[in-house]
Amino acid sequence: MAKNHPGPSANEGNNRRDFLKKSTLITAIALAPPSLINAAENKLDEKIAGAFEKAPLNLEVNGVKHSLTVEPRVTLLDLLREELHLTGSKKGCDRGQCGACTVHVNGVRINSCLSLAIANEGNSITTIEGLAKADQLHPMQEAFIEHDGFQCGYCTSGQIMSGVACINEGHAGSAEEVSEFMSGNICRCGAYPNIVNAIMSVKKGGNG
Ligand code: FES
Ligand code: FES
Numbered sequence: 000m001a002k003n004h005p006g007p008s009a010n011e012g013n014n015r016r017d018f019l020k021k022s023t024l025i026t027a028i029a030l031a032p033p034s035l036i037n038a039a040e041n042k043l044d045e046k047i048a049g050a051f052e053k054a055p056l057n058l059e060v061n062g063v064k065h066s067l068t069v070e071p072r073v074t075l076l077d078l079l080r081e082e083l084h085l086t087g088s089k090k091g092c093d094r095g096q097c098g099a100c101t102v103h104v105n106g107v108r109i110n111s112c113l114s115l116a117i118a119n120e121g122n123s124i125t126t127i128e129g130l131a132k133a134d135q136l137h138p139m140q141e142a143f144i145e146h147d148g149f150q151c152g153y154c155t156s157g158q159i160m161s162g163v164a165c166i167n168e169g170h171a172g173s174a175e176e177v178s179e180f181m182s183g184n185i186c187r188c189g190a191y192p193n194i195v196n197a198i199m200s201v202k203k204g205g206n207g
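Using numbering that gives the first Met the number 0, the first residue of the sequence shown is number 0, and each one after it goes up by one.
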């Protein structure tokens, strides 16, 4: 007696349909008139060129107004470091994971490696270079020195900017709360306890 063959499973059916769709698409592209392909290529070229075309940008950094032109792909961190030569903000990871690039934008801390410069039109930026007043260090800078809040120093500018924001943004109610708020700032030297002590001392002194 002849054996009945089972019909195609749902998966096999889907695979066949996908294959047919893809091969139809490939055939359609292969048969497209050259003028259509040229038009698509030109559009792509325009898009790529647009990504490099400089646009005007007005912003204030550490109290100084700047009128610049920047490529839309440039991050705020690269603008600060490479155009304005403010190299205190560090590039640790360039992907929002270490906090070494922390700055304040309109008083709120951000990772400057995650912000496009062009998105900061009209904003007021403060970097570590803008924290001290003339020869007088910011209390947070003094506290980091007093409490040994750093070793190699690579993360320190970001830690200090976050520490100031921690108090200003109301997250320094306890050492635990400070640790939580500061958890985006990585210190490979492991200076964490001293960093928390420094922030708490500024909070207690009431001069954050
Ligand atoms: S460099 Fe921006 S978070 Fe690491
Ligand atoms: S002091 Fe070295 S990474 Fe923090």
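Every residue, glycine too, gets a C-beta built ideally from N, C-alpha and C. Please read these numbers as outputs of a predicted model, since none were measured by experiment.
- Ligand 1 has no heavy atom closer than 8 Å to the beta-carbon of Gly87.
- Near ligand 2, meaning a beta-carbon closer than 6 Å to one of its heavy atoms, we find Phe149, Gln150, Cys151, Gly152, Tyr153, Cys154, Thr155, Cys186, Arg187, Cys188, Ala190.
- At a Cβ-Cβ threshold of 9 Å, His137 and Ile166 do not count as neighbours.
- Val201 sits in a helix when the DSSP states are folded into three classes.
- Between ligand 1 and Gln158, a heavy atom-to-CB distance of less than 8 Å is absent.
- Contact between the stretch 50-67 and the stretch 75-93 is established, with three or more Cβ pairs separated by less than 8 Å.
- If you compare the alpha carbons of Leu113, Ala116, Val107 with that of Glu168, the shortest gap goes to Val107.
- Between ligand 1 and the CB of Lys42, the shortest heavy atom gap is not smaller than 8 Å.
- Taking the Cα of Arg80 as reference, the smallest distance to any Cα among Thr26, Ala116, Ala54 is reached at Ala116.
- Closest option to Gly183, judged by alpha-carbon separation, among Asn14, Leu56, Ala27, Cys100: Cys100.
- Linking Glu70 to Val163 through their CA atoms gives a straight-line distance of about 31 Å.
- Gln135 sits in a strand when the DSSP states are folded into three classes.
- Between the stretch 125-135 and the stretch 143-162 there are three or more C-beta pairs closer than 8 Å, enough to call the two in contact.
- Taking all protein chains shown into account, Ile194 has 16 or more neighbouring C-beta atoms within 10 Å of its C-beta and is therefore buried.
- Excluding five sequence positions before and after Ser200, the CB atoms of its chain that fall closer than 7 Å to its own CB belong to Ala142, His146, given in chain order.
- Shown here for Pro55: same chain residues with a beta carbon closer than 8 Å to its own, the five before and five after excluded, namely Ser66, Leu67, Thr68 in chain order.
- Contact between Leu76 and Lys90 holds: CB atoms are separated by about 6 Å, below the 8 Å threshold.
- Around the CB of Ala133, fewer than 16 other CB atoms lie within 10 Å, so the residue is classed as exposed.
- With a cutoff of 8 Å, Gly162 does not count as near ligand 1, since its C-beta is closer than that to no heavy atom of the ligand.
- Per DSSP, Ala54 is one residue of the beta strand (DSSP E) stretching across 54-60.
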